[in-house]
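**Q** Each protein sequence line maps, in turn, to chains G and H. Position 156 of the first sequence, counting from 1, maps to 156 under the numbering used here, and the rest follow consecutively. Position 231 of the second sequence, counting from 1, maps to 1231 under the numbering used here, and the rest follow consecutively. No residue lacks a Cβ here, since even glycine has one placed at the ideal position from N, Cα and C. These numbers were taken from a predicted model, which means no experiment stands behind them. Following this message is one structure expressed as structure tokens.
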Amino acid sequence: MDRFISLFTIGIAQGAIIAIVALGFLLIYKATGVVNFAQGDLVTLGAYVAVWASTERGWPLGVAYLLAIVVLFVVGIVLERFAYAPLRGRSIHVVVISTLGAALVIRAIILKWMGPTPTRLASPLGFDVITVGKARIPKQNLLIIGLTVISVGGTMLVFNMTQFGRQVRALASDRVTAMLQGIRATRMSMLTFGLSAAMSALAGVLIAPTRAVTVDLGFSVMLYAFAAAILGGMGRLGGVVVAAIAIGLVRQLGSGYINADYAEIYPFILMLVVLAARPEGLFGHDTGSRL
Amino acid sequence: MTPEVVSDPVSRVRRPPVYGRHQFLGVAGFIVFASILATVLDSAYNYGLLSSWLTMSILGLGFYLVFGLGGQFAFSQAAFFGLGAYSSAWASRSTSFGWGLLAAIVIGAAVALLFSLLVFRTNQFYFAITTLAFSQIALVVFREFDAFTGSGGEVIGIRKPDAFGYQFNTDVRIVWLLIGAVGVALFLVAMIERSPLRREALAVHAQPTVAATLGMPTGRLRLLMFVLGSSFAAVAGSLQAHRSGFISTEGFSVALAIDIFLILLLGGVSSMWGPIVGAAFVVVAPEKLRFIGNYRGMVYGILLILVIVVFPKGLVGLFETGWNRIRRRQSTDPEILGDSSAPDPSLEVGR
Chain G
1 MDRFISLFTI GIAQGAIIAI VALGFLLIYK ATGVVNFAQG DLVTLGAYVA
51 VWASTERGWP LGVAYLLAIV VLFVVGIVLE RFAYAPLRGR SIHVVVISTL
101 GAALVIRAII LKWMGPTPTR LASPLGFDVI TVGKARIPKQ NLLIIGLTVI
151 SVGGTMLVFN MTQFGRQVRA LASDRVTAML QGIRATRMSM LTFGLSAAMS
201 ALAGVLIAPT RAVTVDLGFS VMLYAFAAAI LGGMGRLGGV VVAAIAIGLV
251 RQLGSGYINA DYAEIYPFIL MLVVLAARPE GLFGHDTGSR L
Chain H
1001 MTPEVVSDPV SRVRRPPVYG RHQFLGVAGF IVFASILATV LDSAYNYGLL
1051 SSWLTMSILG LGFYLVFGLG GQFAFSQAAF FGLGAYSSAW ASRSTSFGWG
1101 LLAAIVIGAA VALLFSLLVF RTNQFYFAIT TLAFSQIALV VFREFDAFTG
1151 SGGEVIGIRK PDAFGYQFNT DVRIVWLLIG AVGVALFLVA MIERSPLRRE
1201 ALAVHAQPTV AATLGMPTGR LRLLMFVLGS SFAAVAGSLQ AHRSGFISTE
1251 GFSVALAIDI FLILLLGGVS SMWGPIVGAA FVVVAPEKLR FIGNYRGMVY
1301 GILLILVIVV FPKGLVGLFE TGWNRIRRRQ STDPEILGDS SAPDPSLEVG
1351 R
């Protein structure tokens, strides 16, 4: 039971991070139709900005976290200007490949800047743990879960309740009509890229204290986020969040109870099985719809 | 009174040939060129470069079938390269190179078939992600499934290739073997280029709905291209394993999958010669131009973006445009990474 509690909370915490990345990715997808393969490297970049600020500059962790989020917001807008804006109107293939190129560039910049040696990012809560029964739960995991609830809840509110969210949804459902109605697609796409990158940064600084920070940090998170987005059918945000948590749990429980060597691949097997049965994902209705 | 025969205005325009021409001539030219290189070059270092180029060419040709013709965004090419390498190393342990190669082809094709049947009904973007997931699964299996791959995914002492008692045990001999292999691969692709298969595959990927209403077996064509292309990768993997005698999981990561993208896009996605040219660049450039070697990731990323923004038909497309301008002829090839403002139908069903 203690083992289960421990695995369960780690699973939820990992799922929470995946959920943040998946939502960021969906935001861009809905507003512009672009599948952003640079999402994972944005996560990594966010973590590295925080590492740089806290270790090399010696700034307090809170400042480092905020700095990472702000910097990444700007990076997101730059990314939009360079890798997406020049390609507007070209086939989606082209744009996707361009995000792949952007991912390579970001990765190369990180390597040049911080080098290949793994580093660490401190957690604001240190190595404190809470004991439930005999299970020791790092407080960082609780922080992750708490911040995720806030940010995911905030995203959903913004998405469903505000003018901004309404415009994103309008762009997703019918881009041309939305533009005819006066929605400024250019500004919206810059804004969504910025927000999405900022969310990646949040995910990056949250996950970084739980493992070694390397240039590959964001890649596996991105893959799980993709899987979550697909399992959720790219549809309602709630479905994607549920799928993300499920992926975190499957990974942890699988590693605890089946075979830890293969932990990385349980979520992917789950995804393949679900897609074989339901090609549009668990909560998706119409394949390809961005609504 | 019989009506006057009106000459069909269309027939007066010189129409482009139905298929591209001179493919077999091209294959012969390639073999001659590669043979000259193999004869002229002499250091082990140069043989290594030449062999890498040839291996990557097979890999790129396979990806041309999957992505260029089949239009499928697949990151799995690197994984099938690995699968071929490990299968071949495993099967040739107590037998010979021939059995290893056969095992690579059979296992590679079978896994590709099973995988694509499993995710057959997903749309294009989902398919891309599932191939990424497949690569990750493959990497973990290579690393952990010791009975098949050896401890930690490292296999050493793989036997050198041989055929009918002839040992390809020196660098030069292996280069000749690889030239033969690329020749066969090019010949197969040229056959596809000259058959209706090319036209149909392009139609399926440009206009899936129209192609389906015209009675083309869209699903089967995609499947065929994926399985064929993946088998090419498996063959390349087998050759690579037996050439170097050593394999580890590092050689088959997603980084390689992205290199393969660059090979095809830079070379030219709409021509069978694209991957050959692209592979030459990816293999030779980092070695010969120190700047590229040092800033590899950055250069590749920027190139990837530049290629699709500025010359979407790649280097081969540039040559072709130049050549056609000299001959004052219109290009006949359909755009594969087209400039069309029409969104990709398979991704935007919901519009």
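Starting from the C-beta of M271 (chain G), find all residues in its chain whose C-beta is less than 7 Å away, skip the five residues before and the five after it, and write them out in chain order.
**A** As a working mapping, residue 271 (chain G) is identified with position 271 in the first sequence. Closer than 7 Å at the Cβ level, and outside the excluded window around M271 (chain G), lie A227, I230, L231.
**Q** Among the residues of its own chain, which have a CB less than 8 Å from the CB of L249 (chain G), if the five just before and after it don't count?
**A** Counted from its first residue, the first sequence places residue 249 (chain G) at position 249. Correct list, in chain order: F8, G11, I12, G15.
**Q** Note down the Cα distance separating A103 (chain G) from T44 (chain G), rounded to an integer number of angstroms.
**A** By 1-based counting over the first sequence, the position of residue 103 (chain G) is 103. By 1-based counting over the first sequence, the position of residue 44 (chain G) is 44. Computed Cα separation, rounded: 11 Å.
**Q** Does T1122 (chain H) get closer than 7 Å to chain G when you measure Cβ to Cβ?
**A** By one-based count along the second sequence, residue 1122 (chain H) stands at place 122. It does: the Cβ of T1122 (chain H) has a partner Cβ on chain G nearer than 7 Å.
**Q** Would you list the residues sitting across from R1198 (chain H) in a DSSP beta bridge?
**A** Residue 1198 (chain H) sits at position 198 when you count from the first residue of the second sequence. Answer is none; R1198 (chain H) lacks a bridge partner.
**Q** Leaving out five residues on either side along the sequence, give the residues of the same chain with a beta carbon under 8 Å from the beta carbon of A1113 (chain H).
**A** Residue numbering aside, residue 1113 (chain H) sits at position 113 when the second sequence is read from its first letter. Ala is not the amino acid found at residue 1113 (chain H); the sequence shown has Leu there. Cβ neighbours of L1113 (chain H) beyond the five flanking positions: L1223, V1227.
**Q** If the cut is a Cβ gap below 7 Å, which residues of chain G does F1125 (chain H) touch?
**A** The residue given as residue 1125 (chain H) occupies position 125 in the second sequence. Those within 7 Å of F1125 (chain H) in chain G are V35.
**Q** Taking Cβ-Cβ distances shorter than 8 Å, what residues in chain G pair up with L1352 (chain H)?
**A** The displayed coordinates of chain H run from 1001 to 1351. Any statement about residue 1352 (chain H) would go beyond what the structure contains.
**Q** Since G1278 (chain H) and I1258 (chain H) are thought to touch, with beta carbons under 8 Å apart, how far apart are those beta carbons, to the nearest angstrom?
**A** Here residue 1278 (chain H) refers to the residue found at position 278 of the second sequence. Here residue 1258 (chain H) refers to the residue found at position 258 of the second sequence. The pair is not a contact, with the Cβ atoms about 13 Å apart (cut-off 8 Å).
**Q** Is E1193 (chain H) closer than 7 Å to L1221 (chain H) when the C-beta atoms are compared?
**A** Here residue 1221 (chain H) is taken as the residue at index 221 of the second sequence, counted from 1. Here residue 1193 (chain H) is taken as the residue at index 193 of the second sequence, counted from 1. Not in contact: L1221 (chain H) and E1193 (chain H) (Cβ atoms no closer than 7 Å).
**Q** Answer with buried or exposed for H1205 (chain H), where buried requires no fewer than 16 other C-beta atoms within 10 angstroms of its C-beta.
**A** Here residue 1205 (chain H) refers to the residue found at position 205 when the second sequence is read from its first residue. Looking at its Cβ environment, which holds 16 or more other Cβ atoms inside 10 Å, H1205 (chain H) is buried.
**Q** Can you give, in chain order, each stretch of the alpha helix (DSSP H) that sits fully within the region 1051 to 1114 of chain H and has at least 4 residues?
**A** The region 1051 to 1114 of chain H contains these whole alpha helix (DSSP H) runs: 1077 to 1091.
**Q** Return the first residue and the last residue of the beta strand (DSSP E) that R1159 (chain H) is part of.
**A** Against the second sequence, residue 1159 (chain H) aligns to sequence position 159. Element bounds for R1159 (chain H): n/a, residue is neither H nor E.
**Q** For M1298 (chain H), which residues in chain G fall below 8 Å Cβ to Cβ?
**A** As a first step, residue 1298 (chain H) must be located in the second sequence, where it is residue number 298. Ordered by position in chain G, the residues that pass the 8 Å Cβ test against M1298 (chain H) are L104, V105, A108, I109, K112.
**Q** From the beta carbon of E1144 (chain H), is the nearest beta carbon of chain G less than 7 Å away?
**A** On the second sequence, residue 1144 (chain H) is found 144 positions in, with the first residue counted as 1. Judged by the 7 Å Cβ criterion, E1144 (chain H) is in contact with chain G.
**Q** Report the rounded CA-to-CA distance for F1281 (chain H) versus F1232 (chain H), giving the unit in angstroms.
**A** Locating residue 1281 (chain H) in the second sequence gives position 281, counting from the first residue. Locating residue 1232 (chain H) in the second sequence gives position 232, counting from the first residue. When rounded, the distance between both Cα atoms is 20 Å.
**Q** Would a C-beta distance cut-off of 7 Å place A1234 (chain H) and L1083 (chain H) closer than the cut-off?
**A** To locate residue 1234 (chain H), count along the second sequence from 1; it is residue 234. To locate residue 1083 (chain H), count along the second sequence from 1; it is residue 83. Cβ atoms of A1234 (chain H) and L1083 (chain H): closer than 7 Å.
**Q** Determine the DSSP secondary structure at P1312 (chain H), reduced to helix, strand or coil.
**A** Position 312 of the second sequence, counted from the first residue, corresponds to residue 1312 (chain H). Looking at P1312 (chain H) - three-state DSSP - the assignment turns out to be coil, as it is neither helix nor strand.
**Q** Compute the beta-carbon to beta-carbon distance between A1079 (chain H) and S1238 (chain H), rounded to the nearest angstrom, for a pair I have assumed lies under 8 Å.
**A** For this step, residue 1079 (chain H) is matched to residue 79 along the second sequence. For this step, residue 1238 (chain H) is matched to residue 238 along the second sequence. Not really, about 14 Å apart at Cβ, beyond 8 Å.
**Q** Taking one C-beta from the region 1288 to 1307 of chain H and one from the region 135 to 154 of chain G each time, how about it: are there three or more such pairs within less than 8 Å?
**A** Flag = no, the region 1288 to 1307 of chain H and the region 135 to 154 of chain G do not touch.
**Q** I believe I52 (chain G) touches M114 (chain G) by the beta-carbon criterion, under 8 Å. Please report the beta-carbon distance rounded to the nearest angstrom.
**A** As a first step, residue 52 (chain G) must be located in the first sequence, where it is residue number 52. As a first step, residue 114 (chain G) must be located in the first sequence, where it is residue number 114. Note on identity: in this sequence residue 52 (chain G) is Trp, with Ile being the wrong assignment. Between M114 (chain G) and W52 (chain G) the Cβ distance is about 7 Å, and since that is below 8 Å, they are a contact.
**Q** Is it buried or exposed, K134 (chain G), if we count other Cβ atoms within 10 angstroms and call 16 or more buried?
**A** On the first sequence, residue 134 (chain G) is found 134 positions in, with the first residue counted as 1. Exposed, by the Cβ-count rule.
**Q** Using CA coordinates, which residue listed in G:T214, G:V221, G:G194 is at the minimum distance from V75 (chain G)?
**A** Indexing the first sequence from 1 puts residue 75 (chain G) at position 75. Here the closest residue by C-alpha is G:G194.
**Q** Taking beta-carbon pairs under 8 Å, can you tell me which members of the region 1078 to 1107 of chain H lie near chain G?
**A** Flagged: no residues at all.
**Q** With a CB to CB cut of under 7 Å and the five nearest residues on each side skipped, what residues in its chain are close to Y65 (chain G)?
**A** Position 65 of the first sequence, counted from the first residue, corresponds to residue 65 (chain G). Excluding positions up to five away in sequence, the list reads A50, V205.
**Q** With distances taken between CB atoms, is the gap from P279 (chain G) to I247 (chain G) smaller than 7 Å?
**A** Sequence index remark: in the first sequence, residue 279 (chain G) carries index 279 (1-based). Sequence index remark: in the first sequence, residue 247 (chain G) carries index 247 (1-based). No; because the gap between Cβ atoms is not below 7 Å, this pair is not in contact.
**Q** Could one say the Cβ of I18 (chain G) lies closer than 7 Å to chain H's Cβ atoms, at least one of them?
**A** Against the first sequence, residue 18 (chain G) aligns to sequence position 18. So, not an interface residue.
**Q** Answer with yes or no whether the minimum CB distance from L1347 (chain H) to chain G is below 7 Å.
**A** For the purposes of this step, residue 1347 (chain H) is identified with residue 347 of the second sequence, where counting begins at 1. Confidence at L1347 (chain H) is low in this model, with a pLDDT of 38, below 50, so the placement of that residue should be treated as unreliable; the coordinate-derived value is given next. Yes, because at least one Cβ of chain G sits closer than 7 Å to the Cβ of L1347 (chain H).
**Q** Taking only beta-carbon positions, decide if I1137 (chain H) is within less than 7 Å of chain G.
**A** The count along the second sequence starts at 1 and reaches residue 1137 (chain H) at position 137. Closer than 7 Å to some Cβ of chain G, the Cβ of I1137 (chain H) qualifies, so yes.
**Q** Whole angstroms is fine: what's the gap from R338 (chain G)'s alpha carbon to E1154 (chain H)'s?
**A** Outside the shown range of chain G (1 to 291) lies residue 338 (chain G), about which nothing can therefore be said.
**Q** With distance defined between alpha-carbon atoms, name the residue in G:I265, G:V241, G:A260, G:D216 nearest to R107 (chain G).
**A** The residue labelled residue 107 (chain G) in the question sits at position 107 within the first sequence. The candidate whose alpha carbon is nearest that of R107 (chain G) is G:D216.
**Q** Using the Cα positions of W59 (chain G) and G40 (chain G), report the straight-line distance between them to the nearest angstrom.
**A** Here residue 59 (chain G) is taken as the residue at index 59 of the first sequence, counted from 1. Here residue 40 (chain G) is taken as the residue at index 40 of the first sequence, counted from 1. W59 (chain G) and G40 (chain G): Cα-Cα distance of roughly 25 Å.
**Q** Taking three-plus beta-carbon pairs below 8 Å as touching, is the region 1051 to 1068 of chain H in contact with the region 1113 to 1129 of chain H?
**A** Counting Cβ pairs under 8 Å, fewer than three are found: no touch.
**Q** Could you say if the region 23 to 43 of chain G and the region 186 to 200 of chain G meet the contact criterion of at least three C-beta pairs nearer than 8 Å?
**A** Taking 8 Å as the limit for Cβ pairs, the verdict is that the region 186 to 200 of chain G does touch the region 23 to 43 of chain G.
**Q** Name the one or two DSSP bridge partners that Q1167 (chain H) has.
**A** Taking the first residue of the second sequence as position 1, residue 1167 (chain H) is located at position 167. Note: Q1167 (chain H) sits in a beta bridge opposite H:D1162.
**Q** Under the DSSP definition of a beta bridge, which residues are partnered with T1249 (chain H)?
**A** Within the second sequence, residue 1249 (chain H) is the residue found at index 249, counting from 1. In the DSSP output, where bridge partners are listed per residue, T1249 (chain H) has none listed.
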